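Novice: Below are the structure tokens for one structure; questions will follow.
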Amino acid sequence: MFTKEVYTERRNKLRNEMNSGVALFLGNNEASFNYPANQYHFRQDSNFLYFFGLDHPDLAGVVDIDNNKDYIFGNDVDIDDIIWMGPQPLIKDRAVEVGIENTAPYAGLLDFLNNAIKEGRKVHFLPPYRGEHTIEFQKLLGLFTDKVADYVSEELIKSVVKLRSIKDKYEIEEIEKAVDIAYEMHTTSIRMAKPGIIEREIAGTIEGISLAKGGPVSFPVILTINGQTLHNHYHGNILTEGRLMITDAGAETTSHYASDITRTVPVGGKFNQRQKEIYEIVLEANMKAIETIKPGIEYRKIHLLSCKIIAEGLKKLGIMKGDINEAVKQGAHAMFMPHGLGHMMGLDVHDMEGLGENNVGYDEKTKRSKQFGTAFLRLGRELQTGFVLTVEPGIYFIPELIDLWKSERKYTEFINYDKVETYKDFGGIRIEDDILVTEDGHRVLGKPIPKTVEEVEATAAMK
Ligand code: GLY
Ligand code: MN
Ligand code: MN
């Protein structure tokens, strides 16, 4: 948690962004997995955390835009709770820690909102992503559950995105801590990638590192010798010589800031010639993209630059052919890189994605592409100082996509299908780093994680 001034300033900035009404933020509740009392690790809602800082279930926060007042609604624990959970600070004492004087039991929220509505004031709220919140909006605001989505506040979404997109120095410090935990996770993963080991042994070990050094992982660990499947959460394969292993994993700090790093290592620690050739292309796409990052440049331009580097590299290997500018313009490269170059990162690993990808990654000036591949770019708009984002190019040989496009004779001008056939057993390579946009360019966050062929091989050779 930051100081109360940080949260007070954030709420004041929100008030300045908004015209009128009240902004309602529901904190998360506990969520059960296989029976009511067996619950997932509690994760507070990121918007609630950003404005109210309190990391406990069953709270709601209100920013009164017209009256310069902020509120926390929540119940103090009773003796039954204390027996199981231990003593807990009173809600009013917790609220003071984040600069809020006005508190009331949770039941008071309904009256508060009813009064606001009676006065003709708008209640702004963000899109819910848990069923409990949809039901709560129904109860609090008298909306049908299937209509709740129609009443989310565009004005509040835009204001929150504007504020959360620019990370302050406290947030950047936290994100760097998360990347430093990822350093431990990824160097461990590289060292463990030996023939005979099962993926889950490594996945479990690195998840343990995250838990031991911060919070849980920032998203379910992707660790696989089948890296051609982009978000592969199956961890049951035995590592075999000749395969590559992708680890895409990050940590959350205790204050819930994320990291998101990908490294790819050859099983056994030595790249063969074919692996090295593809790896060097992805590495160049990653490094040139990073070099280009500065305020004022559209991220989609950097995405397309990295796609061109990938297509050029594949042309040199005889996998692609023809006019590379035209190939990328038409989308042929997406056979090998069918995802975007990156996304915002912060309290959420895909920061603010719950507020709508287009609201976060696009604007009036930069509209989302509809073309396969580029359409999946989550962040396309102009970069600003203070953005934190990922750079994560990859090259994948997806047998099912190869077969489909080949059967459709798609992009035969740009793809050498005979050569591609020989790579169907290759897998995939992705290299991902977390970058801060600075006034004069960019900074790669955290302790540098081995990434050149030499660095990865040297790390793999360590005990
Ligand atoms: N963690 C998935 C991704 O890299 O976006
Ligand atoms: Mn990732
Ligand atoms: Mn990512």
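Throughout, my numbering is defined as the position within the sequence shown, counted from one, plus 643.
Glycine is no exception: its CB is placed at the ideal position from the N, C-alpha and C atoms.
All of these numbers come straight from a predicted model, not from anything done at the bench.
1) Comparing alpha-carbon positions, which option in 807, 763, 770 lies nearest residue 796?
2) Would you decide whether residue 684 is buried or exposed? Buried here means 16 or more other CB atoms lie within 10 Å of its CB.
3) Let me have the residue list for ligand 3: C-beta closer than 6 Å to any non-hydrogen atom, ordered along the chain.
4) What residue range does the beta strand (DSSP E) around residue 1039 cover?
5) Below 8 Å on the Cβ atoms is my guess for residue 846 versus residue 874; work out the distance and round it to an integer in Å.
6) Going by the DSSP bridge assignment, what does residue 916 pair with across the sheet?
7) What did DSSP end up calling residue 1074 once you bin it into helix, strand or coil?
8) From what residue to what residue does the beta strand (DSSP E) around residue 789 run?
9) Provide the residue(s) that pair with residue 906 in DSSP beta bridges, ordered along the chain.
10) Is any heavy atom of ligand 1 found at a distance shorter than 6 Å from the C-beta of residue 1030?
11) How should residue 1015 be labelled, buried or exposed, when 16 other C-beta atoms within 10 angstroms of its C-beta is the threshold for buried?
12) Under 7 Å between the Cβ atoms of residue 867 and residue 889?
13) For residue 948, name the three-state secondary structure that DSSP assigns.
14) Would you call the CB atoms of residue 1075 and residue 1028 closer than 7 Å?
15) Quick check on residue 1039: buried or exposed, where buried means 16 or more other Cβ atoms within 10 Å of its Cβ?
16) If you reduce the DSSP assignment to three classes, tell me which class residue 738 lands in.
17) Take the Cβ of residue 736 as the centre, count every other Cβ of all protein chains shown within 10 Å, and call the residue buried at 16 or more, exposed below.
18) In terms of DSSP beta bridges, what is residue 654 paired with?
19) Here's the rule: buried if 16 or more other CB atoms are within 10 angstroms of the residue's CB, otherwise exposed. What is residue 727?
20) Return the CA-CA distance between residue 887 and residue 697, expressed in angstroms with no decimal places.
21) Give the C-beta separation of residue 706 and residue 764 to the nearest angstrom, bearing in mind that I take them to be a contact with Cβ-Cβ under 8 Å.
22) Take residue 604 and list the residues in its own chain whose beta-carbon comes closer than 7 Å to its own, dropping the five residues that flank it on each side.
23) Which residues in the same chain as residue 832 place their Cβ atom closer than 6 Å to its Cβ, once the five residues preceding and following it in sequence are excluded?
24) Which first and last residues belong to the beta strand (DSSP E) in which residue 1085 is found?
25) What is the DSSP secondary structure of residue 1057, reduced to helix, strand or coil?
26) Among the candidates 803, 967, 989, whose CA atom is the shortest distance from the CA of residue 768?
27) Does DSSP put residue 684 in a helix, in a strand, or in coil?
28) Would you say the beta carbon of residue 891 is closer than 6 Å to some non-hydrogen atom of ligand 1?
29) Report whether the distance from the Cβ of residue 691 to the nearest heavy atom of ligand 1 is below 6 Å.
30) Let me check you understand the geometry: is the CB of residue 905 closer than 6 Å to at least one non-hydrogen atom of ligand 2?
31) Can you pull the DSSP bridge partners for residue 704?
32) Would you kindly report the start and end of the unbroken beta strand (DSSP E) that includes residue 866?
Specialist: Straight from the coordinates:
1) On the sequence shown, position 153 is the one that residue 796 refers to. Ranking 807, 763, 770 by Cα distance to residue 796 puts 770 first.
2) The sequence position of residue 684 within the sequence shown is 41, counting from 1. Classification for residue 684: exposed.
3) 903, 986, 1033, 1035, 1075
4) The residue you call residue 1039 lines up with position 396 of the sequence shown. From DSSP, the beta strand (DSSP E) with residue 1039 extends over 1037 to 1039.
5) For the purposes of this step, residue 846 is taken as residue 203 along the sequence shown, with counting starting at 1. For the purposes of this step, residue 874 is taken as residue 231 along the sequence shown, with counting starting at 1. Residue 846 to residue 874, Cβ: 14 Å. No contact.
6) Locating residue 916 in the sequence shown gives position 273, where the first residue counts as 1. Residue 916 is not bridged to any residue.
7) Position 431 of the sequence shown holds residue 1074. Looking at residue 1074 - three-state DSSP - the assignment turns out to be coil, as it is neither helix nor strand.
8) Residue numbering aside, residue 789 sits at position 146 when the sequence shown is read from its first letter. No beta strand (DSSP E) holds residue 789; DSSP gives it neither H nor E.
9) As a first step, residue 906 is located in the sequence shown; it is residue number 263 there, counting from the start. Looking at the DSSP assignment, residue 906 forms a beta bridge with 890.
10) Walking along the sequence shown from the start, residue 1030 turns up at place 387. No, ligand 1 has no heavy atom inside 6 Å of this Cβ.
11) Position 372 of the sequence shown, counting from 1, holds the residue named residue 1015. Burial call: exposed.
12) Position 224 of the sequence shown, counted from the start, is the residue given in the question as residue 867. Position 246 of the sequence shown, counted from the start, is the residue given in the question as residue 889. In this structure, residue 889 lies closer than 7 Å to residue 867 by Cβ.
13) As a first step, residue 948 is located in the sequence shown; it is residue number 305 there, counting from the start. Three-state result, residue 948: helix.
14) Mapped onto the sequence shown, residue 1075 falls at position 432. Mapped onto the sequence shown, residue 1028 falls at position 385. Contact flag unset, no.
15) By 1-based counting over the sequence shown, the position of residue 1039 is 396. Label assigned to residue 1039: buried.
16) Indexing the sequence shown from 1 puts residue 738 at position 95. The answer is helix: DSSP assigns residue 738 an H, G or I state.
17) Numbered from its first residue, the sequence shown carries residue 736 at position 93. Exposed is the call here.
18) Here residue 654 refers to the residue found at position 11 when the sequence shown is read from its first residue. According to DSSP, which records beta bridges pairwise, residue 654 is partnered with nothing at all.
19) Translated into the one-based positions of the sequence shown, residue 727 becomes position 84. Classification for residue 727: exposed.
20) Along the sequence shown, read from residue 1 onward, the residue named residue 887 stands at position 244. Along the sequence shown, read from residue 1 onward, the residue named residue 697 stands at position 54. Looking at the two C-alpha atoms, the distance is approximately 42 Å.
21) Translated into positions along the sequence shown, residue 706 becomes position 63. Translated into positions along the sequence shown, residue 764 becomes position 121. Actually they do not touch by this definition, with Cβ atoms about 12 Å apart.
22) No answer is possible for residue 604: the residues shown for the chain start at 644 and end at 1106.
23) Walking along the sequence shown from the start, residue 832 turns up at place 189. Excluding residues within five positions, the ones whose Cβ falls inside 6 Å are 845, 849, 890.
24) Start at 1 with the first residue of the sequence shown, and residue 1085 comes out as number 442. Note, residue 1085: beta strand (DSSP E), 1084 to 1087.
25) Taking the first residue of the sequence shown as 1, we reach residue 1057 at position 414. Coil, per DSSP.
26) Start at 1 with the first residue of the sequence shown, and residue 768 comes out as number 125. Nearest C-alpha to residue 768: 803.
27) On the sequence shown, residue 684 is found 41 positions in, with the first residue counted as 1. If DSSP states are grouped into helix, strand and coil, residue 684 belongs with coil.
28) On the sequence shown, position 248 is the one that residue 891 refers to. Yes, since a heavy atom of ligand 1 falls inside the 6 Å radius drawn around the Cβ of residue 891.
29) Locating residue 691 in the sequence shown gives position 48, counting from the first residue. No, Cβ of residue 691 sits at least 6 Å from all heavy atoms of ligand 1.
30) On the sequence shown, residue 905 is found 262 positions in, with the first residue counted as 1. Yes - ligand 2 has a heavy atom lying nearer than 6 Å to the Cβ of residue 905.
31) As a working mapping, residue 704 is identified with position 61 in the sequence shown. Bridge partners of residue 704: 668, 715.
32) As a working mapping, residue 866 is identified with position 223 in the sequence shown. First-last of the beta strand (DSSP E) with residue 866: 865 to 867.
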